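>
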Amino acid sequence: MAPPRRRIETSFVAFDVMYVDGTRSSNRRVPATALTGFDGDEPAKAIIEAQDREIGLASGRPRPDIRSVSRSPQKAVVKD
Numbered sequence: 001m002a003p004p005r006r007r008i009e010t011s012f013v014a015f016d017v018m019y020v021d022g023t024r025s026s027n028r029r030v031p032a033t034a035l036t037g038f039d040g041d042e043p044a045k046a047i048i049e050a051q052d053r054e055i056g057l058a059s060g061r062p063r064p065d066i067r068s069v070s071r072s073p074q075k076a077v078v079k080d
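Numbering-wise (the numbering used here), the sequence shown opens with residue 1 and increments by one.
(1) Check P62 in the structure and name its three-state DSSP category.
(2) Candidates V20, Q51, D39: which alpha carbon is nearest V30's?
(3) Using 10 angstroms around the beta-carbon of I55, count the other beta-carbons present and answer buried if the total reaches 16, otherwise exposed.
(4) Pull up the distance between the alpha-carbon of I66 and that of R5, whole angstroms please.
(5) Count the other CB atoms, across all protein chains shown, that sit within 10 Å of the CB of A44; report buried if there are 16 or more and exposed otherwise.
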């Protein structure tokens with residue numbers, strides 16, 4: 001029997017991104033460890049911009065500039 005694998009605990013915070021051309025991208029994930037400190041959610045914009053650069057290079061179509069970044073509303077969990 002194989003030994004049990006260690007589970008890596010990672011947590012993410014979801015953000016909604018509005019671009020200058022009016023498009024929207026929902027639930028963009030940012031590591032929660034990047035959001036600790038006094039800056040609040042400011043580091044999220046830089047991380048999402050870096051993700052957009054990588055996406056643009058891979059697809060050949062650059063993403064537009066970001067207008068605003070806000071936390072996605074948390075989904076309600078219904079337990080029976």
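Backbone N, C-alpha and C define an ideal beta-carbon position, used for all residues, glycine too.
For clarity, every value in this text was computed on a predicted model and none was experimentally measured.
From the atom records:
(1) In the structure shown, P62 sits in coil (DSSP, three-state: anything other than H, G, I, E or B).
(2) Q51
(3) exposed
(4) 39 angstroms
(5) By the Cβ neighbour-count rule, A44 is buried, with 16 or more other Cβ atoms within 10 Å of its own.
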